[in-house]
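Sequences listed follow chains A and B, in order. End of the first sequence sits at 148 in our numbering; the numbers just go up one at a time, nothing left out. End of the second sequence sits at 1148 in our numbering; the numbers just go up one at a time, nothing left out. The beta carbon of each residue, even a glycine, is placed where N, CA and C say it ideally should be.
2 protein chains.
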Amino acid sequence: MTEKQTFSISELASEFDVTTRSIRFYEDQGLLKPTRRGQTRIFSTTDRVRLKLILRGKRMGFSLAETKETFDLWDETLSGNEKQLLKMLSILDEKRAHIEQQKADIAMAELEINTREAHCREALAELQKKKQQHESTIEQPGHPAEQS
Amino acid sequence: MTEKQTFSISELASEFDVTTRSIRFYEDQGLLKPTRRGQTRIFSTTDRVRLKLILRGKRMGFSLAETKETFDLWDETLSGNEKQLLKMLSILDEKRAHIEQQKADIAMAELEINTREAHCREALAELQKKKQQHESTIEQPGHPAEQS
DNA sequence: GAGGAAGTTTACGTTAACGTAAAGTGGTTT
DNA sequence: AAACCACTTTACGTTAACGTAAACTTCCTC
C-alpha cells in the first residue's frame, strides 16, 4: 500500500541516471511497454524492474536485443508448453556459462590489479627514500636562512 | 627455452578466436605494436598478453580506448615519477570499483537465474503430471491394436 | 611459370545505441 | 493570454568496432 505504482519518464530517468531518450528508445525496441494517458507515457513497476534489468544486462555485456529476447521468452514461458520451458532452461544454462566466464575474468583482473598496486607502492617507497636522503644532504634541520 | 616467442597474425587470430581484421584494427588504434619482417607483422609474447587483456577488457565492458589508456599509462608508470604513480593508483581504484559493481551484478543475476530455473522445473513437473493422468485415462497398458 | 596460400593496404559499408535538434501538445502559473 | 513546464514525435547525426571487397606482394609448390 505504501509503494509507488506508476512513474513518469523523468522519474525513472533520474532514478537510474539515464536519459529520457534512452528510455524511449528501449520502448521503441520493445523492451518496455508503458501505458498512456493521452500521449504521455505511464510506467508500471514491471517497467521499472525491466529497466533495471536492461541496465544491468548492459553492464554485463548483453545487447538490448539479447535482453529483449529473454524478456519475450520469459513472457511466453509463463503460459508455456514443454518446448518453451525446455528452451528457457537451455538459455538459462547459457547465461550461467556467461556468468562463469565473467567470474573468471574478474578473478584474473583482481589479481592483476593487486600486483600492480603492490608494484606502484614499492616504486613510491623507493622515491620517498631517495627524496629523504637528498633532503638530509642539502639541508640541516633548523630555522631557515634570513634574507640573502 | 621451450616457449614460442613470436607469432603470426593468423596464429593469434585462431588462438583467441578473433579475425585478423580485428587484430590489425587493434594495432591501428595503438593497442598492439608488432614488429615487421618486410611488410609482414611479427607479434611478440607481449603483444600476445596484451591481446588477451584487450579481449578480457571487452568482456568486462571496457572500450578499446579505455584499455589503451591503461596500457599507455602503465608504460609511463614503469619509468614513473611520483605523479604518474599516484595517478595509476587512483585508476586502479576505479577499476576496483568497476569490479565490485560487476560482482554485485553477477550475484543478483545468479539469484534470478536460480529462481527462474526452479520455476521452470516446477512448471515442467506440472505438465508431466497432467500428461500421465491423460495417458492413463485413454489408454490401458497392453499390446497395441492390430490393424484397423 | 602458373597457381595457391598467407600476408598486405586502402577504403567504403554496417550495426548498435543512443545524441541532438526542431517543432508541436497539454497543463498551470502569473 | 503569455510564458513556462514536462512531455511528445520525427528525423537526421554520431561513435565504436569492426565487416567486406578490391587489388597487390611473397613465398612455396607442382
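Measuring only between beta-carbons, confirm whether B:LYS1068 sits less than 8 Å from chain A. no
Pull the bridge partners of A:ILE42 from the DSSP assignment, please. A:THR35
Identify the continuous alpha helix (DSSP H) that holds A:LYS4 and give its terminal residues. Segment: none, A:LYS4 is in no alpha helix (DSSP H) and carries neither H nor E.
Do A:LEU12 and A:ARG48 have their beta-carbon atoms positioned less than 8 Å apart in this structure? yes
The stretch 1034 to 1060 of chain B: which residues have C-beta closer than 9 Å to a C-beta of chain A, in chain order? LEU1053, ARG1056, GLY1057, LYS1058, ARG1059, MET1060
With contact counted as at least three CB pairs below 8 Å, one residue from each stretch, are the stretch 1020 to 1036 of chain B and the stretch 55 to 74 of chain A in contact? no
Got a sec, what are the start and stop residues for the alpha helix (DSSP H) A:PHE211 sits in? With chain A covering only 1 through 148, there is no way to say anything about residue 211 of chain A.
Determine which residues of the stretch 1016 to 1029 of chain B have a Cβ less than 7 Å from any Cβ of chain A, and write them out in chain order. none
Measure from the alpha carbon of A:ASN114 to the alpha carbon of each residue in B:LEU1127, B:ARG1121, B:ILE1099, B:ILE1106, then state which is nearest. B:ILE1099
Pull up the distance between the alpha-carbon of B:LEU1051 and that of B:GLU1110, whole angstroms please. 29 Å
Under 8 Å between the Cβ atoms of B:MET1088 and B:LEU1078? no
Does any residue of chain B have a CB that is nearer than 8 Å to the CB of A:LEU124? yes
Please look up how many angstroms separate the CB atoms of A:GLN102 and B:ILE1106, rounded, as I've assumed it's under 8 Å. 6 Å
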